[in-house]
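Student:
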Ligand code: AQP
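Numbering (this note's numbering), first residue to last: 1 to 337.
1. Using the C-alpha atoms, what's the distance from residue 120 back to residue 263?
2. Looking only at its own chain, which residues have a Cβ that is under 7 Å from the Cβ of residue 122, when we skip the five neighbours before and after it?
3. Could you give the residue range of the alpha helix (DSSP H) that holds residue 137?
4. Between the Cα of residue 134 and the Cα atoms of 255, 318 and 294, which residue gives the shortest distance?
5. Could you check whether residue 158 and residue 179 sit closer than 8 Å to each other, using their CB atoms as the reference points?
6. My output table needs one value for residue 99: the three-state DSSP class, helix, strand or coil.
7. Which residue from 3, 25 and 39 puts its Cα closest to that of residue 310?
8. Go through the stretch 237-316 residue by residue and report every complete run of the alpha helix (DSSP H) that reaches 4 residues or more, in order.
9. Between residue 45 and residue 11, how many whole angstroms is the CB-CB distance? I'm expecting something under 8 Å.
10. What does the alpha-carbon distance come out to for the pair residue 275 and residue 103?
11. List the whole-angstrom C-beta distance separating residue 144 from residue 7, where the pair is believed to meet the contact cut-off of C-beta under 8 Å.
12. Between residue 191 and residue 199, is the Cβ-Cβ spacing less than 8 Å?
13. Is the separation between the beta-carbon of residue 2 and that of residue 82 shorter than 8 Å?
14. Can you tell which of 109, 186 and 277 has the C-alpha that lies nearest to the C-alpha of residue 221?
15. Could you tell me the distance, in whole angstroms, from the CA atom of residue 173 to the CA atom of residue 293?
16. Would you say residue 24 touches the ligand AQP, meaning its beta carbon is less than 7 Å from a heavy atom?
17. When DSSP labels each residue in this structure, what does residue 199 get in the three-state scheme?
18. Give the range of the beta strand (DSSP E) segment to which residue 332 is assigned.
19. Can you tell me where the beta strand (DSSP E) with residue 182 in it begins and where it stops?
20. Answer yes or no: the CB of residue 19 versus the heavy atoms of the ligand AQP, is any distance below 7 Å?
21. Enumerate, from N- to C-terminal direction, the unbroken alpha helix (DSSP H) stretches of 4 or more residues contained entirely within the stretch 189-233.
22. What does the alpha-carbon distance come out to for the pair residue 60 and residue 234?
23. Quick one: what's got a C-beta closer than 7 Å to residue 69's C-beta in the same chain, skipping five residues either side?
24. In its own chain, which residues sit with a C-beta less than 7 Å from the C-beta of residue 168, not counting the 5 before and 5 after it?
25. Rounded to a whole number of angstroms, what is the C-alpha to C-alpha distance between residue 285 and residue 238?
26. Tell whether a beta-carbon distance below 8 Å holds between residue 80 and residue 321.
27. Taking all protein chains shown into account, do 16 or more other C-beta atoms lie within 10 angstroms of the C-beta of residue 110, making it buried, or fewer, making it exposed?
28. What residues in its chain sit with their C-beta under 7 Å from that of residue 85, if we drop five residues either side in the sequence?
29. Sorted by chain position, which residues of the same chain lie with C-beta nearer than 8 Å to residue 98's C-beta, five sequence neighbours on each side aside?
30. For the beta strand (DSSP E) containing residue 7, name the first residue and the last one.
Put into structure tokens, the structure is as follows:
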């Protein structure tokens with residue numbers, strides 16, 4: 001039996017932050033040698049909210065470069081851009097036609113983002129989870145490493161796959177592989193620096209709410225210095241009255257590669273004046289090598305072009321085979337068949 005298949009991606013909707021890194025990309029890097037991996041920049045998802053075309057193009061390349069800078073190894077992983085594989089949009093259409101509308105209307109992320117969009121909310125935003133299901137199912141993914149916020153979308157992906165199998169497959173002939181989510185506890189939900197009850201997000205209007213992977217040491221220092229805390233002395237995890245405290249300790253834990261118990265013991269007697277510089281130095285040290293590698297990659301644009309072209313060819317082969325399988329099962333005649 002071959003290695004399990006892994007698929008995941010990030011939208012090029014802005015600067016990647018510590019939530020994207022710790023909730024997703026770092027986990028991809030840590031377990032990449034145990035699997036065959038496909039990591040995409042999901043640019044079709046980025047247009048489900050209003051966007052600037054020039055910025056989208058720049059962000060798409062920046063995110064592919066960040067995957068490499070964070071440590072994605074091309075010997076076991078393929079990096080590609082979603083919109084360059086037409087099978088994603090095509091399978092999404094087929095899945096749209098088997099997905100009940102009320103499954104999508106239940107999605108929490110849609111409800112939250114739709115409120116922000118008001119009357120301009122697009123059909124694309126509602127349909128986002130079906131496109132995400134297509135992204136995953138095209139690659140016969142066994143595992144999908146994501147942050148906690150994507151759990152509901154992954155459950156939907158599983159339900160859609162089961163429905164296709166039920167409607168068009170047989171017990172002996174499974175059409176789509178049903179994937180498992182891979183959500184690690186540490187880093188799965190990094191919260192905003194300005195409100196410990198809200199997730200850290202690219203679309204938060206305040207830059208002070210997040211630490212971007214590419215923030216300079218000065219920016220990191222300023223953000224941590226001003227981040228929201230509380231007046232209590234002594235730091236602790238999992239106190240619902242102190243969401244900021246739990247979040248900042250959690251950040252320190254994952255960035256310093258320690259266990260929760262070790263961090264809880266180290267920081268139990270600390271005040272914020274002692275803890276904030278410690279977190280600042282740890283964040284700067286963790287991000288510095290990524291930033292250096294990122295600059296080296298961008299200095300050689302030809303290299304990134306080659307990575308993405310090779311990635312497109314590899315991803316296309318796998319995606320097209322799955323699409324053909326689904327189309328045949330649904331009764332479409334394929335050319336030459
Ligand atoms: N705060 C977070 N904590 C842990 N994981 C997170 N992820 C996102 N935010 C956090 C994980 O990052 C991966 C890529 O996310 P995405 O770009 O596809 O979209 P998102 O989840 O909507 O991320 P953002 O940053 O919050 O973007 P906007 O503001 O555009 O909505 C996913 O695996 C996600 O779980």
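By construction, the Cβ of each residue, glycine as well, lies at the ideal position given by its N, Cα and C atoms. Note that the structure is a prediction, hence the values are computed from the model and not measured.
Tutor: Once the coordinates are examined:
1. 45 Å
2. 48
3. 123-137
4. 318
5. yes
6. coil
7. 39
8. 243-255, 260-267 and 272-298
9. 5 Å
10. 44 Å
11. 6 Å
12. yes
13. no
14. 277
15. 46 Å
16. yes
17. strand
18. Counting along the chain, residue 332 falls outside any beta strand (DSSP E), and DSSP gives it neither H nor E.
19. 180-182
20. yes
21. 217-226
22. 42 Å
23. 290, 293, 294 and 297
24. 175, 329 and 330
25. 26 Å
26. no
27. buried
28. 312, 315, 316 and 319
29. 160, 163, 164 and 167
30. 5-10
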